[in-house]
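Peer 1:
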Ligand code: FES
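In our numbering, the protein residues as written are 19 to 179.
Okay, structure coming up:
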């Protein structure tokens, strides 16, 4: 097992911030049409030293272990960041201790980045009547799977619109 796999394994043994956040300010969901994996991220903000910063972040994902490991690291790193700072964070930075992802796994990190950007773009929170908030990830997945698959290069699609 190489070092990358070892860190993924350790992270998955105790993933941080996994699960739906009831009182989130915003939520973002993206899917990768190429591998069919999806990731949803919730953000909660607070005021700190006169700035609005991320109080906590959580995620939900099915399938890909690398995306779960990246999301676990990313949601820890996002705490205390302003929306502008979070917006600047790319997949590589969000991957934290995982470092540069292997070529086959780069899109896993991009999925996490996409969900974060989507959540930042959706802030402030949608009203509860908005059914994208009440959809479960599983429902979104079956919706996504009913759409025609795209081929070609990796493309992250937004599922909230
Ligand atoms: Fe597609 Fe990881 S294999 S997100």
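Ideal placement from N, C-alpha and C gives every residue a C-beta, glycine not left out.
#1: When you compare only the Cα positions, how much space is there between residue 127 and residue 119?
#2: Under the three-state reduction of DSSP, which class applies to residue 46: helix, strand or coil?
#3: Going along the chain, which residues of its own chain have a beta-carbon closer than 8 Å to the beta-carbon of residue 80, five neighbours each way excluded?
#4: What beta strand (DSSP E) runs, 3 residues minimum, are completely inside the segment 62–148?
#5: Can you tell me the Cβ-Cβ gap for residue 29 and residue 90, rounded? I've got them flagged as a contact below 8 Å.
#6: Is any non-hydrogen atom of the ligand FES found closer than 6 Å to the C-beta of residue 129, if you look at the structure I gave you?
#7: Keeping to the same chain, check which residues put their C-beta closer than 7 Å to that of residue 104; ignore five residues upstream and five downstream.
#8: According to the neighbour-count rule (16 or more other Cβ atoms, all chains shown, within 10 Å of its Cβ), is residue 32 buried or exposed?
#9: Just checking residue 84 against the ligand FES - is the residue's beta carbon closer than 6 Å to any of the ligand's heavy atoms?
#10: May I ask whether a heavy atom of the ligand FES can be found less than 6 Å away from the beta carbon of residue 50?
Peer 2: With the structure as the only source:
#1: Distance from the CA atom of residue 127 to the CA atom of residue 119, rounded to whole angstroms, is 8 Å.
#2: In this structure, residue 46 counts as strand in the three-state DSSP scheme.
#3: 55, 56, 155, 156 and 159, listed in sequence order.
#4: You should have 69–80.
#5: Between residue 90 and residue 29 the Cβ distance is about 5 Å, and since that is below 8 Å, they are a contact.
#6: Residue 129 Cβ: within cutoff of the ligand FES.
#7: The beta carbon of residue 104 sits closer than 7 Å to those of 72, 96, 134 and 138, all from its chain and outside the five residues before and after it, given in chain order.
#8: When all chains shown are included, residue 32 counts as exposed.
#9: Within the chosen limit of 6 Å, the ligand FES reaches the beta carbon of residue 84 through at least one heavy atom.
#10: Yes, the Cβ of residue 50 comes within 6 Å of a heavy atom of the ligand FES.
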